[in-house]
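Asker: Protein chains in written order, with the working numbering: chain A, 9 to 317; chain S, 13 to 121.
Idealized CB from N, CA, C, for every residue including glycine.
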């Protein structure tokens, strides 16, 4: 007789920004992975007690859940208990009102396409040339950005999407995953915080990671670390194509919304592998540091203070 | 003067480096629009970005303009002398200039 698996309980706060909340959040994500992809079990994920879900962690959760659903070919392999509006208003706001709940249920290619067609904040795609215009038009109508912000953010997004196609999954060990995902897939989120008047845009893939991708194509110092590789990957000219001087310009585009900003409120945040890269308009130089937990793939987040069109 | 209005003669949505990146890639733009204009040019060629509905990333700009030097055998000095970039966004001109400066002809092995 098979024993029914109890619901997988989410932590109260789902967040990867905070050093204290990140380990428990990633442990929860790993449990989802393990249950569905390793043990091949159908599971129920209980999000009813979640009181906070950060933008980056929500996008990563969407990616982890969606990869599991697509990999096992069953859109209903993961069921959810979502926060109830009357019992947990805060959780309902972060999980349901943001559209994360719809994204978590989009376990097939058709349902994923519907997220884009219905202009949900959370979307996923594999074809940059199709998704880029839709994303930019979406941002144009939703986010009240200045012309400068809009142009530089659009350019940054286009390079981030191209990066997924050209780099993220370019490794033999990724081939079967790419097939299951229907291509070089990324997950994205446009997020607006009306209280702080900030717009966030996040692109996340579950590939090799920016540092390891860089290291795979370069002669690296044996004493160097993933932090060094990520720093290099996000420097001008940094690319896994060590012999190609024409490559490695995209990271400059990705930094441009921050570097050309007139204010001190902009930031670029990257989580990849065991490295965290932060570039803010307040400081001239980016900071890259090691984190004790492993983030799968690469997650890039831009956060801009809305200054109006 | 030869003029190329990208939005009319190529696409309003240029995107990507290689033909495999999408239908309106830099590779196609270079081969179909830039090479014919620059190959035997003696007069200035104006490339006009007016009417482009999306911001263009550096991978497109590098492959299109840097690629003329790297892959099409266009002389760098001649290109710099004849190319006129027309855009309301100054960084297109700055980026294109930087990519042309950096480009070196691909070695045939």
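1) For residue 9 of chain A, which residues of its own chain have a beta-carbon under 6 Å away from its beta-carbon, when the five flanking residues on both sides are left out?
2) Going along chain A, which residues have a C-beta under 8 Å from residue 68 of chain S?
3) Let me confirm a value: residue 31 of chain S is counted as buried when at least 16 other C-beta atoms fall within 10 Å, else exposed. Which label applies?
4) Could you give the DSSP three-state label for residue 38 of chain A: helix, strand or coil?
5) Going along the stretch 93-104 of chain S in order, which residues come within less than 7 Å of chain A, judged by CB to CB distance?
6) Shorter than 8 Å from the beta carbon of residue 49 of chain S to some beta carbon of chain A?
7) Among A:177, A:201, A:183, whose alpha-carbon lies nearest the alpha-carbon of residue 212 of chain A?
8) Is there a Cβ of chain S sitting closer than 8 Å to that of residue 183 of chain A, yes or no?
9) Along the stretch 30-44 of chain S, what residues have a CB closer than 9 Å to any CB found in chain A?
10) Give me the Cβ distance between residue 111 of chain S and residue 84 of chain S, rounded to the nearest whole Å; I'm assuming they're in contact under 8 Å.
11) Helix, strand or coil for residue 275 of chain A? Go by DSSP, reduced to three states.
12) With distance defined between alpha-carbon atoms, name the residue in A:146, A:45, A:83, A:109 nearest to residue 70 of chain A.
13) Under 8 Å, CB to CB, which of the residues in the stretch 278-311 of chain A have a partner in chain S?
14) Against chain S, which members of the stretch 172-201 of chain A pass a CB distance test of less than 8 Å?
15) Go through its chain and collect everything with a Cβ distance to residue 68 of chain S's Cβ below 6 Å, but skip five positions before and after it.
16) According to DSSP, which residues form a beta bridge with residue 119 of chain A?
17) Consult DSSP for residue 284 of chain A and reduce its assignment to one of helix, strand or coil.
18) Does chain S have any CB closer than 8 Å to the CB of residue 222 of chain A?
Answerer: The answer reads as follows:
1) Numbered from 1 along the first chain, position 1 holds the residue referred to as residue 9 of chain A. Interpretation of residue 9 of chain A is limited by its pLDDT of 43, a score under 50 that renders its predicted location unreliable; the figure taken from the coordinates is listed afterwards. If we look at residue 9 of chain A and ignore the five residues flanking it on each side, it has no Cβ neighbours.
2) Reading the second chain from its first residue, position 56 is the one you call residue 68 of chain S. Chain A residues near residue 68 of chain S: 163, 166.
3) For this step, residue 31 of chain S is matched to residue 19 along the second chain. Residue 31 of chain S is exposed by the Cβ-count criterion.
4) Here residue 38 of chain A refers to the residue found at position 30 when the first chain is read from its first residue. Residue 38 of chain A: helix per DSSP, three-state reduction.
5) Against chain A - using a Cβ distance shorter than 7 Å - the residues of the stretch 93-104 of chain S are 101.
6) Numbered from 1 along the second chain, position 37 holds the residue referred to as residue 49 of chain S. So, not an interface residue.
7) To locate residue 212 of chain A, count along the first chain from 1; it is residue 204. Here the closest residue by C-alpha is A:177.
8) Numbered from its first residue, the first chain carries residue 183 of chain A at position 175. So no, residue 183 of chain A is outside the interface.
9) Across the stretch 30-44 of chain S, CB contacts with chain A closer than 9 Å involve 30, 32, 33, 34, 35, 36, 37, in sequence order along the chain.
10) In the second chain, counting from the first residue as 1, residue 111 of chain S sits at position 99. In the second chain, counting from the first residue as 1, residue 84 of chain S sits at position 72. That belief does not hold up - the Cβ atoms of residue 111 of chain S and residue 84 of chain S are roughly 14 Å apart, past 8 Å.
11) Stepping through the first chain from its first residue, residue 275 of chain A is reached at position 267. Correct three-state label for residue 275 of chain A: strand.
12) Along the first chain, one-based indexing puts residue 70 of chain A at 62. Taking only the C-alpha atoms, the option nearest residue 70 of chain A is A:109.
13) Hits within the stretch: zero.
14) Those residues of the stretch 172-201 of chain A that come within reach of chain S (Cβ to Cβ, closer than 8 Å) are 173, 174.
15) On the second chain, position 56 is the one that residue 68 of chain S refers to. For residue 68 of chain S, the CB contacts under 6 Å within the same chain, skipping 5 residues up- and downstream, are 26 in chain order.
16) Counted from its first residue, the first chain places residue 119 of chain A at position 111. Paired residues: none, contrary to the question.
17) Residue mapping note: residue 284 of chain A aligns to position 276 of the first chain, counting from 1. Three-state DSSP puts residue 284 of chain A in a strand.
18) In the first chain, counting from the first residue as 1, residue 222 of chain A sits at position 214. So no, residue 222 of chain A is outside the interface.
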